[in-house]
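Note that my numbering has the sequence shown beginning at 1, numbered continuously upward.
Remarks on the structure that follows.
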Amino acid sequence: MKNFDSRTYSIHDFLEWESNGQLELSPRFQRKSVWNEKAKSYLMDTIVNGKPMPKVFIRQKTNAQTRKSVREVVDGQQRLRTILSFIKDAFPISKQHNKKFGGKYYSQLSEVDENIQAQILSYEISVDLLVNMSDADVLDVFGRLNSYSVLLNTQEKIHANHFGPFKTLADRLAHENNDFWIDNKILTPQKILRMSDVELVSDILVALNDGIKSKKQIEKYYELYETDELPVDVEVLEVQFGQIVSLIRQLYPEGLKDKEFRRIHVIYSLFVSLYHIQFGVPNLKAVGQRIEDGDIAKITNRLDRIELIFMEENKAELTEREIQFLNDCRRATTDTAVRIRRSEYLNDVILGEV
């Protein structure tokens, strides 16, 4: 006999159950961790934007004598606590997560949009109802679900544990440039589903803000800017990031899918080099030129040399710096010193100084 049922319930339904004493939010199955304000705000931003949130598991128990149902939250307690407390004005949405509603409590949202409160109350949450299921069966359900869970990679773990402005910016830039990563074969849709796009953008953002670092430093910046504002004008940085994406499209109108620059560590260095020439990167040698529209054709021609370096079988035909660049593209590709050498070599190639 089937003892679960998949349904959707509105936030208004959960509020009514809580008001009527039919919702239990402290069952023994739940983990004890408590979300911080950033995590709570991030969830509410998800809801006001109409994006889906993970499914909630509820055990529904019916009292035969009173004929009343009690809904015991088995998984999703933190999410529901967050939603219900937001409705009660316990915290505002952060400005870092939502420019339109940032700084507003639930009761103040109508000052910005007269329909948003009703939209929040009608937001539907996917629920699996475990009907009159025993404790042993509930534990068995979770054991089976976990058996099919995919282990999180490093970036997914970082993403799950942070909700600050650095994460928000990296997410936004990664998603806004989705076509760029896919069209140029820099990343596959499968890689993007595992957050490789966010990892690449995070890595680039570290360099643009604080100079080229080892890839291992990414999490440090998520932690550093978990509560503090980024030390740059985010809107300006977003525009500059977009300008470099556009510049790469100009340099390679046919795309990068057949170029060495489609490789993660090489596109990282090209992106950082172009940004340095246009706007400056802290730990790279200063350059005295900027790229203008009239320079595009000659720069593309200069960068063609990179393809030849990778194709050359006889190393005697390569200069010492070309050999070094080739080696730096094949070994220890994410180390700080190697990354700096790659970008500075590309700077010289782009500016015609080699």
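Built from N, CA and C at the ideal position, the CB exists for glycine as well.
What does DSSP give as the partner residues of residue i in its beta bridges?
i	result
Asp179	Paired residues: none, contrary to the question.
Gln60	Arg71, Val131
Leu23	Arg71
To the nearest angstrom, how far is it from the Cα of residue i to the Cα of residue j?
i	j	result
Glu16	Arg71	12 Å
Asn49	Asn301	45 Å
Val354	Arg339	18 Å
Gly102	Gln278	32 Å
Arg144	Ile306	51 Å
Leu193	Thr66	47 Å
Gly164	Pro92	15 Å
Gln77	Tyr222	26 Å
Asn327	Glu229	38 Å
Ala337	Lys38	35 Å
Met53	Phe4	20 Å
Arg79	Lys157	18 Å
Starting from residue i, follow the alpha helix (DSSP H) in both directions and report where the run begins and ends.
i	result
Phe4	Counting along the chain, Phe4 falls outside any alpha helix (DSSP H), though it belongs to the beta strand (DSSP E) covering 4-10.
Leu262	First, the residue type needs correcting, since residue 262 is Arg and not Leu in the sequence shown. From DSSP, Arg262 is part of no alpha helix (DSSP H); its letter is neither H nor E.
Phe310	296-311
Ile350	336-350
Asp293	It is not in any alpha helix (DSSP H) - Asp293 carries neither H nor E in the DSSP assignment.
Gln78	77-87
Glu320	320-328
For the candidate residues the options, whose alpha-carbon lies nearest to that of residue i?
i	options	result
Val201	Lys185, Asp75, Trp181	Trp181
Gln243	His162, Leu173, Trp35	Leu173
Asp197	Leu237, Val239, Thr154	Thr154
Asp89	Leu109, Leu251, Leu193, Val266	Leu109
Tyr345	Ile323, Asn98, Arg81, Asp335	Ile323
Asp233	Ile120, Arg342, Gln96	Gln96
Ser355	Met53, Lys285, Ser26, Phe57	Here the chain comprises residues numbered 1 to 354, so residue 355 is not present and cannot be evaluated.
Ile47	Thr336, Tyr225, Ile116, Leu247	Ile116
Ala170	Asp113, Ser107, Leu237, Glu114	Leu237
Gln22	Asn63, Ala207, Glu260	Asn63
Pro253	Ile267, Asn184, Arg341, Asn283	Asn184
Leu187	Ile299, Phe261, Ser343	Phe261
Asp135	Gln190, Gln60, Leu318, Ser147	Gln60
Val272	Leu256, Ile248, Glu292	Ile248
Gln240	Asn209, Leu256, Arg321	Asn209
Asp335	Tyr275, Leu205, Val34, His265	His265
Using a threshold of 6 Å, is the CB atom of residue i nearer than that to any non-hydrogen atom of the ligand ADP?
i	result
Lys61	In the structure shown, the ligand ADP is absent, as is every other ligand, since no ligand is present at all.
What span of residues does the beta strand (DSSP E) with residue i cover, start to end?
i	result
Arg67	First-last for Arg67: undefined, no H or E at that position.
Ser126	124-131
Determine whether the Cβ of residue i lies closer than 7 Å to any Cβ atom of chain B.
i	result
Leu121	No chain B is present in this structure, which holds just one protein chain.
Minimum length 4: unbroken alpha helix (DSSP H) runs contained in the region 151-233: 154-161, 165-176, 178-183, 189-193, 196-210, 218-224
Complete beta strand (DSSP E) runs within the region 33-58 (minimum length 3 residues, chain order): none
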